[in-house]
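Trainee: Starting off with a structure, shown below.
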Amino acid sequence: DAGVIQSPRHEVTEMGQEVTLRCKPISGHNSLFWYRQTMMRGLELLIYFNNNVPIDDSGMPEDRFSAKMPNASFSTLKIQPSEPRDSAVYFCASSPGDRPVPQHFGDGTRLSIL
Amino acid sequence: SQQGEEDPQALSIQEGENATMNCSYKTSINNLQWYRQNSGRGLVHLILIRSNEREKHSGRLRVTLDTSKKSSSLLITASRAADTASYFCATDGTARQLTFGSGTQLTVLP
Numbered sequence: 005d006a007g008v009i010q011s012p013r014h015e016v017t018e019m020g021q022e023v024t025l026r027c028k029p030i031s032g033h034n035s036l037f038w039y040r041q042t043m044m045r046g047l048e049l050l051i052y053f054n055n056n057v058p059i060d061d062s063g064m065p066e067d068r069f070s071a072k073m074p075n076a077s078f079s080t081l082k083i084q085p086s087e088p089r090d091s092a093v094y095f096c097a098s099s100p101g102d103r104p105v106p107q108h109f110g111d112g113t114r115l116s117i118l
Numbered sequence: 077s078q079q080g081e082e083d084p085q086a087l088s089i090q091e092g093e094n095a096t097m098n099c100s101y102k103t104s105i106n107n108l109q110w111y112r113q114n115s116g117r118g119l120v121h122l123i124l125i126r127s128n129e130r131e132k133h134s135g136r137l138r139v140t141l142d143t144s145k146k147s148s149s150l151l152i153t154a155s156r157a158a159d160t161a162s163y164f165c166a167t168d169g170t171a172r173q174l175t176f177g178s179g180t181q182l183t184v185l186p
């Protein structure tokens with residue numbers, strides 16, 4: 005079975021540029037989560053969707069961050085404009101609808117903003 | 077904010093020894109989960125223990141939960157070099173959110 009697929013695996017770009025991270029959840033999972041991991045702050049939940057609807061985006065750091073889930077098999081996290089402090093590893097995770105459940109993580113996108 | 081805090085932050089042991097990691101949390105929970113993260117990879121779920129359970133086993137893993145002390149421990153028996161990774165506890169919040177601790181970096185020396 006395919007797991008959660010994220011792309012790109014690595015992204016290096018200059019500050020001010022738009023960055024788009026992509027995620028394909030596991031088929032049949034109806035909850036999707038975006039996390040950010042840094043040495044200083046650990047793993048932080050940015051936003052999560054249930055049945056393609058954003059449920060809680062209180063972890064999104066600024067208006068420069070936005071996330072969409074146009075259908076059950078695809079989500080994007082966009083940063084515009086990007087800043088050096090956005091440099092981190094961004095993870096997408098999915099889980100089926102019932103609680104309590106484990107989350108299945110992708111291998112992340114390592115983002116470096118120069 | 078991080079609900080769970082792991083202790084120790086780093087642990088180095090010899091292959092074959094047991095490794096114990098602890099997690100403390102602050103608020104009431106429905107369940108507590110442990111995850112492993114290998115370098116450069118995503119987190120992998122290891123085990124889930126419900127709030128009404130005190131102990132759970134899975135292979136070489138043993139998890140305990142003490143809700144009165146708001147703490148949990150993960151024991152890995154007969155450790156192997158392949159167990160080298162970071163280990164995180166995660167507690168549930170509202171809906172399906174998880175709050176992760178800061179992690180324990182385990183190094184198993186061959």
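So the protein lines, in turn, are chains E and A.
Each residue of the first sequence is one higher than the last, beginning at 5 in my numbering.
Each residue of the second sequence is one higher than the last, beginning at 77 in my numbering.
Cβ atoms here follow ideal geometry from the backbone N, Cα and C, with glycine treated the same way.
#1: Where does Arg114/E fall in DSSP's three states?
#2: Compute the distance between the beta-carbons of Met64/E and Leu81/E, then report whether it is under 7 Å.
#3: Where DSSP assigns a beta bridge to Gly46/E, which residues make up the other side?
#4: Just tell me which of Val120/A, Thr143/A, Cys165/A has its CA closest to the CA of Ser99/E.
#5: Measure the beta-carbon distance from Thr153/A to Arg136/A and round it to whole angstroms, keeping in mind my assumption that it falls under 8 Å.
#6: Does any residue of chain A bring its CB to less than 7 Å from the CB of Gly20/E?
#7: Using beta-carbon positions only, say whether Leu151/A and Thr96/A come within less than 7 Å of one another.
#8: Mind checking who Lys28/E pairs with in its DSSP beta bridge?
#9: For Asn106/A and Glu18/E, what's the separation of their Cα atoms in angstroms?
#10: Helix, strand or coil for Arg126/A? Go by DSSP, reduced to three states.
#11: Going straight from the alpha carbon of Gln107/E to that of Ser70/E, what length do you get?
#12: Using a C-beta to C-beta distance shorter than 9 Å, which residues of chain A count as neighbours of Gly110/E?
#13: Output, in chain order, the set of chain A residues within a Cβ distance shorter than 8 Å of Gly46/E.
#14: With a CB to CB cut of under 6 Å and the five nearest residues on each side skipped, what residues in its chain are close to Arg114/E?
#15: Under three-state DSSP, which class holds Arg112/A?
#16: Ends of the beta strand (DSSP E) at Ser149/A?
#17: Keeping to the same chain, check which residues put their C-beta closer than 7 Å to that of Asn54/E; ignore five residues upstream and five downstream.
Mentor: Looking at the coordinates:
#1: The residue given as residue 114/E occupies position 110 in the first sequence. Strand, per DSSP.
#2: Translated into positions along the first sequence, residue 64/E becomes position 60. Translated into positions along the first sequence, residue 81/E becomes position 77. Going by C-beta atoms, Met64/E is not nearer than 7 Å to Leu81/E.
#3: Within the first sequence, residue 46/E is the residue found at index 42, counting from 1. Gly46/E pairs with Thr42/E.
#4: On the first sequence, residue 99/E is found 95 positions in, with the first residue counted as 1. Nearest C-alpha to Ser99/E: Val120/A.
#5: For this step, residue 153/A is matched to residue 77 along the second sequence. For this step, residue 136/A is matched to residue 60 along the second sequence. Rounded to the nearest angstrom, the Cβ distance from Thr153/A to Arg136/A is 5 Å, consistent with a contact under 8 Å.
#6: Your numbering for residue 20/E matches position 16 in the first sequence. No, Gly20/E does not count as interfacial toward chain A.
#7: To locate residue 151/A, count along the second sequence from 1; it is residue 75. To locate residue 96/A, count along the second sequence from 1; it is residue 20. For Leu151/A and Thr96/A, yes; Cβs fall inside 7 Å.
#8: Within the first sequence, numbered from 1, the residue matching residue 28/E stands at position 24. Per DSSP, Ile9/E.
#9: Translated into the one-based positions of the second sequence, residue 106/A becomes position 30. Translated into the one-based positions of the first sequence, residue 18/E becomes position 14. Straight-line Cα distance between these residues: approximately 43 Å.
#10: On the second sequence, position 50 is the one that residue 126/A refers to. If DSSP states are grouped into helix, strand and coil, Arg126/A belongs with the strands.
#11: Here residue 107/E refers to the residue found at position 103 of the first sequence. Here residue 70/E refers to the residue found at position 66 of the first sequence. Each residue's alpha carbon lies about 22 Å from the other.
#12: Locating residue 110/E in the first sequence gives position 106, where the first residue counts as 1. Within chain A, the residues near Gly110/E are Gly118.
#13: Mapped onto the first sequence, residue 46/E falls at position 42. Residues of chain A passing the Cβ test: Gln78, Phe176, Gly177, Ser178, Gly179.
#14: Within the first sequence, numbered from 1, the residue matching residue 114/E stands at position 110. So the list reads His14, Val93, once near-sequence residues are dropped.
#15: Taking the first residue of the second sequence as position 1, residue 112/A is located at position 36. Three-state DSSP puts Arg112/A in a strand.
#16: Residue mapping note: residue 149/A aligns to position 73 of the second sequence, counting from 1. In the DSSP assignment, Ser149/A falls within the unbroken beta strand (DSSP E) covering 147-152.
#17: Numbered from its first residue, the first sequence carries residue 54/E at position 50. Only Asn34, Ser35 meet the Cβ criterion.
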